[in-house]
Every structure is written in structure tokens, then in C-alpha cells.
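Just so we're aligned: the sequence shown equals residues -16 to 402 in my numbering. Note that beta-carbon positions come from the ideal geometry of N, C-alpha and C, so glycine has one too. A short write-up of the structure that comes next.
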Amino acid sequence: MKSLLRHSLFGCVVALLSATSILSAAVEPATLLNDPTVKAALAAVERNEPETLNLQARLTEIPAPPFNETARGLEVKRLFEQLGLKDIRVDKVGNVIGVRPGALAKPNVVVAAHLDTVFPEGTDVRVKRDGKFLRAPGIGDDGRGLAAMLSVIRALDEGGVKTTGSITFVANVGEEGLGDLRGVKELFNVTLKGKIDSFISIEPGSQNRITNAGVGSYRYRVTFKGPGGHSYGAFGMANPIHALGRAIAKIGDITVPAKPKTTFNVGRINGGTSVNSIAFETWFEVDMRSETMAALDAVRDQFNAAIADSVKAENARWKNRGAVSVDIEMVGLRPAGQTPEDSSIVKIASASVTAMGGIPSYGAGSTDSNVPMQLSIPAVTLGGGGESSRAHSLDESFDSTNSHLGPQAVLLTVVALVR
Ligand SMILES: [Zn+2]
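Here it is in C-alpha cells:
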């Protein structure tokens, strides 16, 4: 509470200076700081933070490997019930949904954090605490997001905050890796189709960080096949591994723009049976990313051409004896998109950070917000507070210094959007 009060006066001044810049439908975050219920809710976030950290640790210790988030999801469902949310359900893919109704069904803001981690079944996810540090795989990503979301729900209740619009809270599946945003895709395309007016995802990071650009990606597994045979006896036929080598060499020479930042990476290769065999099968996996769909499609065109040329060259080299064929399988599609800096949701998130005494920073990332961004539904990803480091590694850690500022900034943003 101390930090909040210290900064609130400064926040009001800044907000007054830019009072005309925010849309009329929502409320200025800085003026909300004078509302006794909001004040009480923000105080509750800070007061409850030690318990929020315990909850963060407890949820992190429930394993949630890719495609197996059920146990953690059921615990969040139980917490949603305990916190008094309404219309609680688990949808077809495993997203856990609960509603905090306002006077009206609209606007409906969705606040989400993802259940899944990148860590496989059997990973030691026990949390080690060391002063202000919590260490465990997944403690920040997205243990912090889930805990911050639950802290917001509890504080809204304890503060007695009333809203015009509704807030729908979601613990979603499938954010990471080959999960391919399947939870949020289901949410926008099926479960809550047409019912989401804006979207906030909570990920590890500073409360000052606003991710308003979604880096899109294409991911493929490319498999080369041929009859294969003895390296000496069958010599003279096209070789799938040689075709793969040609393809990767060409991909290595692809040129991409620096702006929008566009990248490519062959991340895995596999195949062959022995050193003295012409392989019958080999594959590689490639990831291409960009901030715009146009640049992403352009790098994919070069990738497709590299594959086609390589197969052609390998088969021509051996006059089509034992011709190699190729199969390109899409294993990931994350749409690229943007929520402009002058859009109301970004302005409100930014004004909330300012009202809390912080300096907002904008960035691009690959998060659940990519999906609404591509649908042109206002969306941002906000930091859950504290400082996370070494995400996606076994020595992931979370520094809880002033971590209450994360859920406080999210709370202020959400209330401003539905007041
Ligand atoms: Zn994450």
C-alpha cells in the first residue's frame, strides 16, 4: 500500500495532463485511485501478496506438461469456485473459465493466464524458497500469471468493486510450443466466440511491460523419403539425407528483413539407420517468425522454394534413380498481429502503469494475445510483477521484490476497461 499511495499523486498529475487522450467509454485509471472500493482492492492485493506467493508455489508444484494440464486446471477450477466466480466450466480442450458478472454482460473483458509449462512429465517441479526468491521450473512462466490472476479476483471481491461490464477469467491450456495456442484458439473460435470485447493475458515480467505486438510463426516438419539401401551395394540412387542437407544449406542462405524482425531456424534434425546405409527417411523441423504476416509469408515462400529446389537437384544428380520425395507438415501456426499504441486498451494499460508510478514499455512477443490481435480484438499481454529469469529452463527463478505491483496494475487496467 505504501508504494501505491506514494505514487498515486504523481499518477493523477500525469493522467490529468493527458486526460483527453483516453476513450470516453472507459474510466481513467488515475481517477479510479480515488474510488474507495478500488483503493481497498489494491490494498488487498498488497496485503495478500505473501499468500499469493504461496499459491504461486503450490500451483507450480502441480505438474502441467504440454497436453496434460488437467490436474492443475482442476485445482484452478476449485479456486474459482472458492472465490465465488459464476458460470464456472471447463471447455472441450481444457480451458477453465469463470465469470465475475457486472451490471451488464458487456463489455466483457477476458483475463487469462496459461496452465501449461514446457516441461515434460517427470520433471522435478518442487519449489525451493530462498528469501525473496522462488525457484522451480515454471515458477514464473506461468505460475506467476496464474497467481496474479487469482490475486486480482480475490482483491476485487475483498474491495467490493462493482463494474458495469463483466470480467471473464480463464486458465487456458496450450500456450507453449507445440500446444500452438490451442487453448486461446478454442476460446475465440468456439467457447466464447463473438463474446470477447478485449483480452488481457498475464505472463511473467515487470508490471511496466505491455506486449502489444504478436510475433507470428510458422513451424514445419519436413520429411524426405526414398527406397534406401546399402551404401556400397546400392550406390547410385538419390539420398534423402543428401536432399535434406541441400535444403538446409539453402535455408541457411535465406535473406530476411531486419524490420519487421523476421527470423528462421532449423531446430532439429533426425533420420538414417546406420553409417553404411542410404537412409530411407530423414526429417528436420524449422521455425520461422515475424511481426507481420506479409514478412512471415515471404520467408515461407523462400523456404518452400528451397525444399522444392533441393529435391529436384538431388533427384537430377542421380537421374531419378531411387527418387526422393518430400512431405511438409505444419506443426505450428501462430498468427502475427498488433494492437496499436494509440488503441484504447494500450492507453489504459499504459495509464495504469503510470498511475502506479511506473514507466510503461512496449514490446513484441509470442503469447496467447497473438490470436485476438490477428482477429483485431483489442489485446495486450501484461507482466505479472516481480522479476522472472531463466524461463523455460530447469533453473527458472522468480524474484518477488515488490511483486504485488503486477496484479495491482492488472486490476487497475481491468476495472478501467469495464467500469
Ligand atoms: Zn508463458
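| Query | Result |
| --- | --- |
| State whether the segment 358 to 372 contacts the segment 386 to 393, with contact taken as three or more CB pairs (one from each stretch) at a distance under 8 Å. | yes |
| Taking the alpha-carbon positions, what's the Leu129 to Asp284 distance? | 38 Å |
| Expressed to the nearest angstrom, what Euclidean distance is found between the alpha-carbon atoms of Asp140 and Ser149? | 14 Å |
| Secondary structure at Asp409, three-state DSSP: helix, strand or coil? | The requested residue 409 is not part of the displayed model; the chain covers only -16 to 402. |
| Would you report the Cα separation of Tyr215 and Ser189, rounded to the nearest angstrom? | 60 Å |
| Mind checking Gln39: buried by the 16 CB within 10 Å criterion, or exposed? | buried |
| Within the same chain, show all residues whose beta-carbon is closer than 7 Å to that of Pro120, passing over the 5 residues directly before and after it, in chain order. | Thr100, Phe102, Thr106, Val108, Leu377 and Glu379 |
| Which residues share a DSSP beta bridge with Lys111? | Arg118 |
| Which value, in whole angstroms, describes the spacing of the CA atoms of Gly340 and Asp236? | 47 Å |
| Name, in chain order, the residues that DSSP records as bridge partners for Leu365. | Ile185 and Ile193 |
| Is any non-hydrogen atom of ligand 1 found closer than 6 Å to the C-beta of Asp124, if you look at the structure I gave you? | yes |
| Who are the near neighbours of Glu312 in its chain, counting only those whose CB is closer than 8 Å to its CB and skipping five residues on each side? | Tyr203, Arg204, Val205 and Thr206 |
| In chain order, what residues of the same chain have a beta carbon less than 7 Å from the beta carbon of Val28, not counting five sequence neighbours either side? | Ser134, Ala138, His387, Pro390, Gln391 and Leu394 |
| Please tell me whether, using a cut-off of 6 Å, the distance from the CB of Glu297 to the nearest non-hydrogen atom of ligand 1 is below it. | no |
| Below 8 Å on the Cβ atoms is my contact criterion, and I expect Asn191 with Ser327 to pass it. Report the Cβ-Cβ distance as a whole number of Å. | Incorrect: roughly 19 Å between the Cβ atoms, too far for contact. |
| Spatial neighbours of Val398 within its chain, please: C-beta separation below 7 Å, excluding the five flanking residues on both sides. | Leu15, Val21, Val144 and Thr146 |
| Helix or strand or just coil, what does DSSP make of Val173? | helix |
| For Ala278 and Thr322, which I take to be in contact (beta-carbon distance under 8 Å), what is that distance rounded to the nearest angstrom? | So it is not a contact: roughly 18 Å between Cβ atoms. |
| Just the C-alpha distance for Asp310 and Gly77, rounded to the nearest angstrom, thanks. | 31 Å |
| When you compare the CB positions of Lys168 and Val354, do they come within less than 7 Å of one another, or not? | yes |
| Looking at the structure shown, is Met276 part of a helix, part of a strand, or coil, going by DSSP? | helix |
| If we ignore side chains and look at the alpha-carbon of each, how far apart do Asp187 and Val82 end up? | First, the residue type needs correcting, since residue 187 is Pro and not Asp in the sequence shown. Whole-angstrom Cα-Cα distance: 23 Å. |
| Going by the C-beta, is Glu11 closer than 6 Å to any heavy atom of ligand 1? | no |
| Leaving aside the five residues before and after Glu268 along the sequence, list all residues of the same chain whose C-beta is less than 6 Å from its C-beta, in chain order. | Arg204, Gly250 and Arg251 |
| Kindly confirm or deny that the segment 253 to 262 and the segment 280 to 297 touch, where touching means at least three C-beta pairs closer than 8 Å. | no |
| Less than 6 Å between the CB of Glu52 and some heavy atom of ligand 1, yes or no? | no |
| At a cut-off of 6 Å, is Glu186 close to ligand 3 when judged by its beta-carbon and the heavy atoms of the ligand? | The model depicted lacks ligand 3 and carries ligand 1 instead. |
| Within 8 Å, do at least three Cβ pairs link the segment 175 to 182 to the segment 347 to 362? | yes |
| Looking only at its chain, what residues have a beta carbon closer than 6 Å to the beta carbon of Val59, apart from the 5 residues adjacent to it on each side? | Val79 and Ala154 |
| So who's on the other strand from Glu11, going by DSSP bridges? | Partner(s): none; Glu11 has no beta bridge. |
| Taking 7 Å as the threshold (C-beta atoms), are Ala196 and Glu274 in contact? | yes |
| Measure the C-alpha to C-alpha separation of Asn287 and Ala319 and round it to an integer number of angstroms. | 20 Å |
| What number of angstroms, rounded off, separates the C-alpha of Gly142 from the C-alpha of Val93? | 20 Å |
| Could you give the DSSP three-state label for His387: helix, strand or coil? | coil |
| Quick check on the DSSP output: what are the complete beta strand (DSSP E) runs of length 3 or more inside the segment 28 to 88, in order along the chain? | 69 to 73 and 79 to 83 |
| Opposite Asn248 in the DSSP bridges: which residues? | Asp270 |
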